[in-house]
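Residue numbers (this note's numbering): 66 to 381.
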(Lines of atoms letter the chains of each structure in order from A and count residues from 1; the text may use other names and numbers.)
(Lines give C-alpha, C1' and ligand atoms only; values in the text may rest on other atoms or scores of the structure.)
Protein backbone atom coordinates (compact mmCIF):
# COMPACT_ATOMS: atom_id res chain seq x y z
CA UNK A 1 0.00 0.00 0.00
CA UNK A 2 1.35 3.44 -0.94
CA UNK A 3 1.72 6.15 1.67
CA UNK A 4 3.95 7.02 4.59
CA UNK A 5 3.91 7.38 8.37
CA UNK A 6 5.62 9.56 10.97
CA UNK A 7 6.27 8.98 14.64
CA UNK A 8 6.26 12.41 16.30
CA UNK A 9 7.84 12.71 19.72
CA UNK A 10 8.91 16.18 20.77
CA UNK A 11 10.77 18.03 18.04
CA UNK A 12 12.33 14.88 16.53
CA UNK A 13 9.87 13.27 14.11
CA UNK A 14 10.82 9.91 12.67
CA UNK A 15 9.58 8.39 9.45
CA UNK A 16 8.46 4.79 9.99
CA UNK A 17 6.84 2.02 7.96
CA UNK A 18 3.06 2.03 7.85
CA UNK A 19 2.87 -1.51 9.24
CA UNK A 20 4.92 -0.42 12.29
CA UNK A 21 3.33 2.98 12.84
CA UNK A 22 0.46 1.99 15.10
CA UNK A 23 2.84 0.17 17.46
CA UNK A 24 4.32 3.52 18.51
CA UNK A 25 2.11 4.07 21.54
CA UNK A 26 4.42 6.54 23.29
CA UNK A 27 4.18 9.28 20.65
CA UNK A 28 1.80 10.87 18.21
CA UNK A 29 1.53 8.99 14.94
CA UNK A 30 0.53 10.33 11.54
CA UNK A 31 -0.32 7.73 8.89
CA UNK A 32 -1.03 8.94 5.38
CA UNK A 33 -2.57 6.49 2.89
CA UNK A 34 -2.63 7.15 -0.83
CA UNK A 35 -4.49 4.23 -2.31
CA UNK A 36 -7.80 3.05 -3.72
CA UNK A 37 -10.83 2.47 -1.53
CA UNK A 38 -10.45 -1.32 -1.23
CA UNK A 39 -6.84 -1.23 0.00
CA UNK A 40 -7.53 1.62 2.42
CA UNK A 41 -10.66 -0.06 3.79
CA UNK A 42 -8.76 -3.27 4.53
CA UNK A 43 -5.96 -1.47 6.42
CA UNK A 44 -8.29 0.87 8.30
CA UNK A 45 -10.53 -1.98 9.39
CA UNK A 46 -7.95 -4.68 10.13
CA UNK A 47 -4.83 -2.77 11.19
CA UNK A 48 -6.15 0.53 12.53
CA UNK A 49 -9.24 -1.12 14.11
CA UNK A 50 -11.45 1.84 13.25
CA UNK A 51 -15.23 1.61 13.43
CA UNK A 52 -17.22 0.90 10.30
CA UNK A 53 -18.63 4.44 10.32
CA UNK A 54 -15.15 6.02 10.28
CA UNK A 55 -13.89 3.57 7.63
CA UNK A 56 -16.84 4.43 5.36
CA UNK A 57 -16.26 8.15 5.89
CA UNK A 58 -12.55 7.89 5.08
CA UNK A 59 -13.16 5.94 1.85
CA UNK A 60 -16.54 7.28 0.64
CA UNK A 61 -16.99 8.46 -2.94
CA UNK A 62 -18.88 11.57 -1.83
CA UNK A 63 -16.23 13.91 -0.52
CA UNK A 64 -17.89 17.25 0.17
CA UNK A 65 -15.97 19.10 2.94
CA UNK A 66 -17.48 18.34 6.34
CA UNK A 67 -16.62 17.66 9.96
CA UNK A 68 -18.19 15.05 12.26
CA UNK A 69 -17.40 14.14 15.85
CA UNK A 70 -17.34 10.44 16.72
CA UNK A 71 -16.49 8.95 20.10
CA UNK A 72 -13.22 10.56 21.24
CA UNK A 73 -12.13 11.80 17.84
CA UNK A 74 -13.30 13.68 14.76
CA UNK A 75 -13.56 13.08 11.04
CA UNK A 76 -12.65 15.96 8.74
CA UNK A 77 -12.79 16.14 4.97
CA UNK A 78 -10.93 18.94 3.16
CA UNK A 79 -10.43 19.78 -0.49
CA UNK A 80 -7.16 20.95 -2.05
CA UNK A 81 -5.37 21.34 -5.35
CA UNK A 82 -3.75 18.41 -7.10
CA UNK A 83 -1.51 18.18 -10.15
CA UNK A 84 -3.18 14.97 -11.28
CA UNK A 85 -5.94 14.89 -13.89
CA UNK A 86 -9.41 15.63 -12.53
CA UNK A 87 -12.87 16.09 -13.97
CA UNK A 88 -13.33 19.74 -15.13
CA UNK A 89 -16.43 20.00 -12.93
CA UNK A 90 -14.52 18.79 -9.85
CA UNK A 91 -11.24 20.72 -9.74
CA UNK A 92 -10.13 19.92 -6.18
CA UNK A 93 -9.07 16.58 -4.72
CA UNK A 94 -10.01 15.49 -1.23
CA UNK A 95 -8.07 14.55 1.87
CA UNK A 96 -10.02 12.68 4.54
CA UNK A 97 -8.63 12.93 8.08
CA UNK A 98 -9.41 10.98 11.23
CA UNK A 99 -7.93 12.59 14.32
CA UNK A 100 -7.93 11.49 17.94
CA UNK A 101 -5.56 11.72 20.86
CA UNK A 102 -2.21 10.26 19.86
CA UNK A 103 -2.84 9.51 16.19
CA UNK A 104 -4.02 11.02 12.94
CA UNK A 105 -4.87 9.07 9.78
CA UNK A 106 -5.28 10.80 6.42
CA UNK A 107 -6.46 9.20 3.18
CA UNK A 108 -6.23 10.52 -0.38
CA UNK A 109 -6.86 9.05 -3.82
CA UNK A 110 -5.15 11.88 -5.67
CA UNK A 111 -1.92 13.38 -4.37
CA UNK A 112 -2.56 16.83 -2.93
CA UNK A 113 0.07 19.51 -3.41
CA UNK A 114 -0.48 20.49 0.23
CA UNK A 115 0.56 17.03 1.46
CA UNK A 116 4.21 17.74 0.67
CA UNK A 117 4.05 21.01 2.61
CA UNK A 118 2.52 19.28 5.61
CA UNK A 119 5.18 16.54 5.54
CA UNK A 120 7.86 19.24 5.44
CA UNK A 121 6.26 20.92 8.48
CA UNK A 122 6.33 17.62 10.33
CA UNK A 123 9.98 16.99 9.48
CA UNK A 124 10.91 20.47 10.75
CA UNK A 125 9.33 19.63 14.10
CA UNK A 126 6.50 22.16 13.78
CA UNK A 127 3.77 19.57 14.45
CA UNK A 128 3.29 18.02 17.86
CA UNK A 129 -0.38 16.96 18.03
CA UNK A 130 -3.42 16.26 15.78
CA UNK A 131 -4.55 19.88 16.02
CA UNK A 132 -1.22 21.11 14.65
CA UNK A 133 -1.43 18.60 11.81
CA UNK A 134 -4.97 19.62 10.81
CA UNK A 135 -3.96 23.26 11.01
CA UNK A 136 -0.97 22.53 8.78
CA UNK A 137 -3.26 20.87 6.22
CA UNK A 138 -5.78 23.72 6.24
CA UNK A 139 -3.06 26.36 6.00
CA UNK A 140 -1.17 24.55 3.23
CA UNK A 141 -4.34 24.08 1.19
CA UNK A 142 -5.32 27.75 1.37
CA UNK A 143 -1.73 28.90 0.78
CA UNK A 144 -1.59 26.73 -2.34
CA UNK A 145 -4.93 28.08 -3.59
CA UNK A 146 -4.08 31.74 -2.92
CA UNK A 147 -1.98 32.30 -6.08
CA UNK A 148 -4.53 30.37 -8.16
CA UNK A 149 -7.33 32.67 -7.00
CA UNK A 150 -5.08 35.71 -7.53
CA UNK A 151 -4.38 34.55 -11.09
CA UNK A 152 -8.13 34.33 -11.76
CA UNK A 153 -8.51 37.94 -10.64
CA UNK A 154 -5.54 39.01 -12.78
CA UNK A 155 -6.99 37.22 -15.82
CA UNK A 156 -10.26 39.08 -15.32
CA UNK A 157 -8.38 42.38 -15.00
CA UNK A 158 -6.66 41.68 -18.32
CA UNK A 159 -10.00 40.95 -19.97
CA UNK A 160 -11.44 44.22 -18.68
CA UNK A 161 -8.45 46.17 -20.05
CA UNK A 162 -8.78 44.48 -23.46
CA UNK A 163 -12.52 45.10 -23.74
CA UNK A 164 -13.03 45.75 -27.44
CA UNK A 165 -15.60 44.80 -30.07
CA UNK A 166 -12.96 43.13 -32.24
CA UNK A 167 -12.03 40.65 -29.46
CA UNK A 168 -15.49 39.73 -28.19
CA UNK A 169 -15.27 36.00 -28.89
CA UNK A 170 -11.78 35.49 -27.37
CA UNK A 171 -12.66 37.58 -24.31
CA UNK A 172 -15.93 35.70 -23.76
CA UNK A 173 -14.04 32.40 -23.73
CA UNK A 174 -11.58 33.69 -21.13
CA UNK A 175 -14.29 35.24 -18.96
CA UNK A 176 -16.33 32.04 -19.09
CA UNK A 177 -13.29 29.99 -18.04
CA UNK A 178 -12.57 32.31 -15.10
CA UNK A 179 -16.20 32.22 -14.01
CA UNK A 180 -16.43 28.41 -14.16
CA UNK A 181 -13.20 27.96 -12.18
CA UNK A 182 -14.28 30.50 -9.56
CA UNK A 183 -17.62 28.72 -9.12
CA UNK A 184 -15.92 25.32 -8.82
CA UNK A 185 -13.42 26.52 -6.20
CA UNK A 186 -16.04 28.42 -4.21
CA UNK A 187 -18.35 25.39 -4.21
CA UNK A 188 -15.89 23.62 -1.90
CA UNK A 189 -14.36 26.51 0.03
CA UNK A 190 -17.62 27.59 1.66
CA UNK A 191 -18.37 24.17 3.22
CA UNK A 192 -14.66 23.84 4.02
CA UNK A 193 -14.84 27.01 6.09
CA UNK A 194 -17.91 25.65 7.89
CA UNK A 195 -16.15 22.32 8.55
CA UNK A 196 -13.12 24.04 10.09
CA UNK A 197 -15.31 26.30 12.21
CA UNK A 198 -17.20 23.27 13.50
CA UNK A 199 -13.94 21.45 14.28
CA UNK A 200 -12.68 24.43 16.29
CA UNK A 201 -15.75 24.20 18.57
CA UNK A 202 -15.85 20.42 19.04
CA UNK A 203 -15.45 19.15 22.61
CA UNK A 204 -12.40 17.04 23.35
CA UNK A 205 -9.12 17.29 25.18
CA UNK A 206 -7.07 16.30 22.14
CA UNK A 207 -7.64 19.83 20.78
CA UNK A 208 -5.90 22.46 22.85
CA UNK A 209 -6.80 26.18 23.00
CA UNK A 210 -3.94 27.06 20.65
CA UNK A 211 -5.12 24.40 18.19
CA UNK A 212 -8.65 25.79 18.22
CA UNK A 213 -7.33 29.32 17.65
CA UNK A 214 -5.20 28.19 14.70
CA UNK A 215 -8.05 26.19 13.16
CA UNK A 216 -10.39 29.18 13.54
CA UNK A 217 -7.76 31.34 11.79
CA UNK A 218 -7.57 28.80 8.95
CA UNK A 219 -11.38 28.89 8.69
CA UNK A 220 -11.28 32.68 8.49
CA UNK A 221 -8.70 32.51 5.73
CA UNK A 222 -10.88 30.06 3.79
CA UNK A 223 -13.84 32.42 4.27
CA UNK A 224 -11.87 35.36 2.86
CA UNK A 225 -10.85 33.28 -0.13
CA UNK A 226 -14.47 32.24 -0.71
CA UNK A 227 -15.50 35.91 -0.59
CA UNK A 228 -12.81 36.78 -3.12
CA UNK A 229 -14.03 34.00 -5.41
CA UNK A 230 -17.58 35.29 -5.06
CA UNK A 231 -16.37 38.76 -6.09
CA UNK A 232 -14.58 37.24 -9.09
CA UNK A 233 -17.74 35.35 -10.05
CA UNK A 234 -19.83 38.53 -9.86
CA UNK A 235 -17.25 40.52 -11.83
CA UNK A 236 -17.10 37.84 -14.51
CA UNK A 237 -20.91 37.84 -14.75
CA UNK A 238 -20.90 41.62 -15.24
CA UNK A 239 -18.06 41.29 -17.74
CA UNK A 240 -20.01 38.65 -19.62
CA UNK A 241 -23.03 40.95 -19.76
CA UNK A 242 -20.84 43.80 -21.02
CA UNK A 243 -19.43 41.57 -23.76
CA UNK A 244 -22.95 40.46 -24.70
CA UNK A 245 -24.05 44.11 -24.94
CA UNK A 246 -20.96 44.95 -26.97
CA UNK A 247 -21.68 42.08 -29.34
CA UNK A 248 -25.32 43.15 -29.65
CA UNK A 249 -24.22 46.72 -30.38
CA UNK A 250 -21.80 45.40 -33.00
CA UNK A 251 -24.60 43.42 -34.66
CA UNK A 252 -26.90 46.48 -34.53
CA UNK A 253 -24.25 48.60 -36.26
CA UNK A 254 -23.80 46.04 -38.99
CA UNK A 255 -27.56 45.69 -39.39
CA UNK A 256 -27.83 49.48 -39.66
CA UNK A 257 -25.24 49.58 -42.44
CA UNK A 258 -27.10 46.86 -44.32
CA UNK A 259 -30.42 48.69 -43.84
CA UNK A 260 -28.95 51.96 -45.13
CA UNK A 261 -27.49 50.21 -48.17
CA UNK A 262 -30.87 48.61 -48.84
CA UNK A 263 -32.63 52.00 -48.55
CA UNK A 264 -30.15 53.59 -50.98
CA UNK A 265 -30.62 50.89 -53.60
CA UNK A 266 -34.39 50.44 -53.17
CA UNK A 267 -35.45 53.40 -55.42
CA UNK A 268 -32.64 52.57 -57.86
CA UNK A 269 -33.95 49.03 -58.14
CA UNK A 270 -37.43 50.41 -58.85
CA UNK A 271 -36.20 52.71 -61.65
CA UNK A 272 -33.98 50.09 -63.31
CA UNK A 273 -36.68 47.44 -62.95
CA UNK A 274 -39.27 49.74 -64.51
CA UNK A 275 -37.12 50.51 -67.53
CA UNK A 276 -36.06 46.91 -67.81
CA UNK A 277 -39.60 45.83 -68.77
CA UNK A 278 -39.96 44.72 -72.37
CA UNK A 279 -43.18 46.71 -73.11
CA UNK A 280 -44.14 49.69 -75.23
CA UNK A 281 -44.97 53.11 -73.81
CA UNK A 282 -41.98 53.82 -71.54
CA UNK A 283 -41.05 57.48 -71.43
CA UNK A 284 -38.20 58.49 -73.73
CA UNK A 285 -37.56 54.86 -74.64
CA UNK A 286 -36.69 55.85 -78.22
CA UNK A 287 -34.47 58.79 -77.33
CA UNK A 288 -30.67 58.33 -77.69
CA UNK A 289 -29.96 60.27 -74.50
CA UNK A 290 -32.42 58.26 -72.36
CA UNK A 291 -29.77 55.85 -70.96
CA UNK A 292 -27.55 58.69 -69.79
CA UNK A 293 -30.55 60.44 -68.27
CA UNK A 294 -31.59 57.33 -66.31
CA UNK A 295 -28.02 56.79 -65.03
CA UNK A 296 -27.85 60.41 -63.93
CA UNK A 297 -31.26 60.10 -62.24
CA UNK A 298 -30.12 56.98 -60.35
CA UNK A 299 -26.92 58.72 -59.24
CA UNK A 300 -28.92 61.73 -58.06
CA UNK A 301 -31.33 59.53 -56.10
CA UNK A 302 -28.44 57.60 -54.48
CA UNK A 303 -26.67 60.83 -53.52
CA UNK A 304 -29.89 62.33 -52.20
CA UNK A 305 -30.80 59.31 -50.03
CA UNK A 306 -27.23 59.03 -48.70
CA UNK A 307 -27.17 62.76 -47.92
CA UNK A 308 -30.46 62.45 -46.03
CA UNK A 309 -29.01 59.64 -43.85
CA UNK A 310 -25.90 61.73 -43.20
CA UNK A 311 -27.99 64.73 -42.21
CA UNK A 312 -29.95 62.55 -39.75
CA UNK A 313 -26.66 61.22 -38.26
CA UNK A 314 -27.55 57.59 -38.97
CA UNK A 315 -23.87 56.72 -39.53
CA UNK A 316 -22.84 57.56 -35.97
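Ideal Cβ positions, reconstructed from N, Cα and C, are used throughout, including at glycine.
Keep in mind that this is a model prediction, so the values were computed, not measured.
| So what does DSSP say about residue 342, is it helix, strand or coil? | coil
| task | Return the chain-ordered list of same chain residues with a C-beta closer than 7 angstroms to the C-beta of residue 333, the five sequence neighbours on each side being excluded. | result | 363, 366, 367
| said: What would DSSP say about residue 311, mapped onto helix, strand or coil? | reply: Of the three classes helix, strand and coil, the one that applies to residue 311 here is helix, per DSSP.
| query | What's the gap between the Cα of residue 262 and the Cα of residue 284? | reply | 6 angstroms
| message | What residue range does the alpha helix (DSSP H) around residue 349 cover? | response | For residue 349, there is no enclosing alpha helix (DSSP H), as DSSP gives it neither H nor E.
| said: Could you give the first and the last residue of the continuous alpha helix (DSSP H) run that contains residue 122? | reply: 117-124
| message | By alpha-carbon positions, which one of 147, 145, 80, 170 ends up nearest to residue 122? | response | Cα-wise, what sits closest to residue 122 is 170.
| What number of angstroms, rounded off, separates the C-alpha of residue 282 from the C-alpha of residue 288? | 10 angstroms
| said: If the criterion is Cβ atoms closer than 9 angstroms, does the pair residue 160 and residue 134 meet it? | reply: no
| message | I'd like to know whether the C-beta atoms of residue 201 and residue 145 end up nearer to each other than 9 angstroms. | response | Taking 9 angstroms as the Cβ cut-off, residue 201 and residue 145 do not qualify as a contacting pair.
| Member of 243, 185, 81, 247 whose CA lies at the smallest distance from the CA of residue 291 | 247
| said: Could you tell me the alpha carbon to alpha carbon distance between residue 356 and residue 346, rounded to whole angstroms? | reply: 16 angstroms
| Would you call the segment 296-314 and the segment 236-251 in contact, with 3 or more CB pairs under 8 angstroms? | yes
| What are the boundary residues of the alpha helix (DSSP H) that includes residue 263? | 233-266
| field | Cα-Cα separation, residue 119 to residue 143 | value | 15 angstroms
| Start and end of the alpha helix (DSSP H) containing residue 221? | For residue 221, the enclosing alpha helix (DSSP H) covers residues 195-226.
| field | N- and C-terminal bounds of the alpha helix (DSSP H) containing residue 99 | value | It is not in any alpha helix (DSSP H) - residue 99 instead sits in the beta strand (DSSP E) that spans 93-99.
| Whole-angstrom Cβ separation of residue 172 and residue 124, contact assumed at under 8 angstroms? | 7 angstroms
| task | Using only alpha-carbon positions, find the residue among 221, 232, 322, 149 that is nearest to residue 176. | result | For the options 221, 232, 322, 149, the alpha carbon positioned closest to that of residue 176 is the one of 149.
| query | Whose C-alpha, out of 93, 338, 84, is nearest the C-alpha of residue 112? | reply | 84
| When the Cα atoms are used, what is the spatial distance from residue 107 to residue 203? | 27 angstroms
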